[in-house]
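A quick write-up on the structure given underneath.
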Amino acid sequence: MNISIRQVTENDPRIISDAFKEQCWDKPISLYERYIIEQNNGERVTLIAEVNGQFVGYVNVIWKSYYPAFREKNIPEVNDFNVLLKYRRLGIGSKLMDRAEEIISERSSVAGIGVGVFSDYGNAQVLYVKRGYVPDGKGIHNGQHYVEYGETVVIDHDIVLYLTKKLQN
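Numbers 14 to 182, taken from the working numbering, label the letters of the sequence shown in order.
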């Protein structure tokens with residue numbers, strides 16, 4: 014199995030969208046077209062993983078995180094990390110994360126990442142802890158504010174725990 018990691022190009026949006034559609038995930042072409050524009054503007058880096066030349070996953074590095082605590086401290090964020098279901102647990106995600114952290118380490122000594130809190134994110138939660146990420150200590154965030162004690166929330170993809178990792182430069 015030959016795994017390669019490269020940056021997204023204009024040829025990728027339809028291929029990526031179609032690959033996720035095959036596993037019944039709605040990932041519109043326009044999302045990846047936006048990633049390319051933002052990459053060209055220097056706002057993000059989108060990394061594509063391929064096995065033997067076939068798309069299998071991707072991850073982003075966002076230089077100015079949407080998460081307030083990261084943004085305030087200029088902590089770049091690893092974001093929207095996805096490996097196709099049939100290619101999970103083969104080391105592809107680790108290779109994507111290695112490259113994302115390598116890119117971040119060129120500008121920052123700390124990387125940030127957010128992870129959902131329900132079982133769909135279980136594999137990611139374990140992976141991030143094994144890689145040395147620890148909670149930032151601010152609790153869970155719903156995309157708008159930190160969830161307070163006693164607050165009622167719907168646990169969905171917007172409920173996130175943010176983690177950080179010290180990188181070796």
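The beta-carbon is built from N, C-alpha and C at its ideal position, and this holds for glycine as well. Note that this is a predicted model, so its numbers are computed, not measured.
Exercise for review: From the DSSP output, in three-state form, read off I104 for me.
Suggested key: First, the residue type needs correcting, since residue 104 is Gly and not Ile in the sequence shown. Residue state, collapsed to three classes: coil.
Does the distance from the CB of I75 to the CB of N92 come in under 9 Å? The Cβ atoms of I75 and N92 lie closer than 9 Å to each other.
How about T59 and V72: are their beta carbons less than 9 Å apart?
Their beta carbons are under 9 Å apart, which means T59 touches V72 by this criterion.
In whole angstroms, what separates the C-alpha of Q181 from that of V147? Going by the C-alpha atoms only, they are around 16 Å apart.
Query raised in the report: Roughly how many angstroms separate the alpha carbons of K9 and E35, rounded to a whole number?
Result: Outside the shown range of the chain (14 to 182) lies residue 9, about which nothing can therefore be said.
Close-in-space but distant-in-sequence residues of the same chain around F83 (CB under 6 Å, 5 per side omitted): For F83, the CB contacts under 6 Å within the same chain, skipping 5 residues up- and downstream, are E90, G125 in chain order.
Determine the DSSP secondary structure at R120, reduced to helix, strand or coil. Reduced to three states, the DSSP call for R120 is coil.
- [ ] Answer yes or no: do G152 and L174 have a C-beta to C-beta separation smaller than 9 Å?
- [x] For G152 and L174, yes; Cβs fall inside 9 Å.
Where do the N-terminal and C-terminal ends of the alpha helix (DSSP H) with N54 fall, by residue?
From DSSP, N54 is part of no alpha helix (DSSP H); its letter is neither H nor E.
From the DSSP output, in three-state form, read off K77 for me. Three-state DSSP puts K77 in coil, outside helix and strand.
Examine the Cβ distances between the segment 40–59 and the segment 16–30 and report whether three or more of them are shorter than 8 Å. By the C-beta criterion, the segment 40–59 is judged to be in contact with the segment 16–30, since at least 3 inter-stretch pairs fall below 8 Å.
Checklist line | Complete runs of the alpha helix (DSSP H) confined to the segment 103–178 [at least 4 residues] | finding: Counting only runs of 4+ residues, the alpha helix (DSSP H) found wholly inside the segment 103–178 occupies 105–118, 135–143, in chain order.
E35, DSSP secondary structure in three states:
Three-state result, E35: helix.
#### Entry: Chain-order list of residues whose beta-carbon lies under 8 Å from that of Y134 (same chain, five-residue window excluded)
The residues V128, in chain order, have a CB closer than 8 Å to that of Y134 in the same chain once the five nearest residues on each side in sequence are set aside.
*Is the Cβ-Cβ distance between R144 and S107 less than 9 Å?*
For R144 and S107, yes; Cβs fall inside 9 Å.
Worksheet item: In terms of residue numbering, what span does the beta strand (DSSP E) encompassing D93 cover?
Response: Unbroken beta strand (DSSP E) run through D93: 90–96.
- Message: Checking the sheet assignment: what are the DSSP bridge partners for E63?
- Response: Answer by DSSP bridge pairing, in chain order: S17, F68.
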